[in-house]
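Written below as structure tokens is the structure these notes are about.
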Amino acid sequence: MSIRFLVAVVCGVFAMCLSTGAAPAGAAPAATTHVLIVPGQYLGALPYQPMAQNLTARGYPTTVLDLPGADMTAEAKQIGAAVDRLHREHPGVRVALVGHSIGGVSSRLYLKEMGGHQKVSTYLAFGSPQYGSPGACGQPAAPEVCPGTPFLTALNEGDDTPGSTQYYGVRSAREWVDGHLDGGQCRVTPIPANESLPALGLEHTFEPFDPKIWDVTVAAITGRCVGEYVTEPDGVLTYEKSALPGAPVR
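Numbered according to mature numbering (1 follows the signal peptide of the UniProt record, and there is no 0), the sequence shown spans residues -27 to -1, 1 to 223.
As structure tokens, then:
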């Protein structure tokens, strides 16, 4: 049974439970911010609908991009097209780009290499392998995210967090990698482990359903760092330093 099929089966149940589990908090923001969610690999848009509904109810209209996580460059261009469309349809809008897993990598490619940092106010990646993941090695989809590839070397050369975009990274406590970036980044306090899930990758897959992720997303949109703001020089971070206990050996 594939991960995508498993998520699709349970999505209907979680959608009703979790979309009401975290009640909208506070008044709508003074300035309109539209959110674009970029899914993780193979998951598609469906699992992110509860999160999108919750953010919209809290005053942040949210769209989920239906991207497969297969080609980082092609999908970064699609992200850019969606951002441009928002700016055309809503002049003066602030755009928050929220990427899960590999979606955080394609989103950052758009920000760094395609001028996106001039158009996006907030970037939040959750569970994203910014310096690579062994899970991508030898795979037909997005093999460029394998640690040490020319793609990742180029993406991580120089400042990882260019422009005036505010950069946030968050992960669950049982991730394979920490998701850290150099430059200026808010490293959100890791989300406590969901003890109802085995530590076999399912926690990563089910991050979009976790209301704690929704809450730190809203905090990021409003400019609050629920963790520690860190500035690191280029060249300090590597895959080896980003790997956490339990990560598979390359």
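We treat Cβ as the ideally placed atom computed from N, Cα and C, and that holds for glycine.
Item, Value
"Simplified DSSP assignment, three categories, for residue 145", "strand"
"Helix, strand or coil at residue 168 [DSSP, three-state]", "coil"
"The alpha helix (DSSP H) enclosing residue 178, as first and last residue numbers", "175 to 178"
"Residue 29 versus residue 35: straight-line alpha-carbon distance, rounded", "6 Å"
"Cβ neighbour criterion (16 or more within 10 Å) applied to residue 127", "exposed"
"DSSP-derived helix/strand/coil call for residue 46", "helix"
"Buried or exposed (CB count within 10 angstroms, at least 16 for buried), residue 61", "exposed"
"Within 8 Å, strictly: CB atoms of residue 93 and residue 46", "no"
"Terminal residues of the alpha helix (DSSP H) in which residue 158 lies", "Note, residue 158: premise wrong, no alpha helix (DSSP H); beta strand (DSSP E) at 156 to 161."
"Residues that residue 7 bridges to, as DSSP identifies them", "68"
"Outcome for residue 204 when other beta-carbon atoms lying within 10 angstroms are tallied against a minimum of 16", "exposed"
"Cβ neighbours of residue 198 in the same chain (closer than 8 Å, five flanking residues each side left out)", "141, 159, 161 and 192"
"Burial state of residue 91, where buried means 16 or more other Cβ atoms lie within 10 Å", "exposed"
"Secondary structure of residue 38, DSSP reduced to three states", "coil"
"Extent of the continuous alpha helix (DSSP H) to which residue 126 belongs", "123 to 128"
"Nearest-angstrom Cβ-Cβ length linking residue 125 and residue 96, presumed shorter than 8 Å", "No, residue 125 and residue 96 are not in contact; Cβ-Cβ is about 18 Å, not under 8 Å."
"Contacts around residue 146, its chain only, beta-carbon distance under 7 Å, and the 5 residues preceding and following it disregarded", "163, 164, 165 and 166"
"Buried or exposed by the 16-neighbour rule on C-beta atoms within 10 Å, applied to residue 42", "buried"
"Pair within 8 Å by beta-carbon distance, residue 133 and residue 100", "no"
"Residue range of the unbroken beta strand (DSSP E) whose run includes residue 189", "Per DSSP, residue 189 belongs to no beta strand (DSSP E); it is in the alpha helix (DSSP H), 184 to 194."
"Contacts around residue 89, its chain only, beta-carbon distance under 7 Å, and the 5 residues preceding and following it disregarded", "53, 56 and 83"
"Cβ separation of residue 74 and residue 177, assumed to be a contact under 8 Å, to the nearest whole Å", "7 Å"
"Assumed close pair residue 235, residue 68 - CB separation to whole angstroms, cut-off 8 Å", "Residue 235 is absent from the model: the chain starts at -27 and stops at 223."
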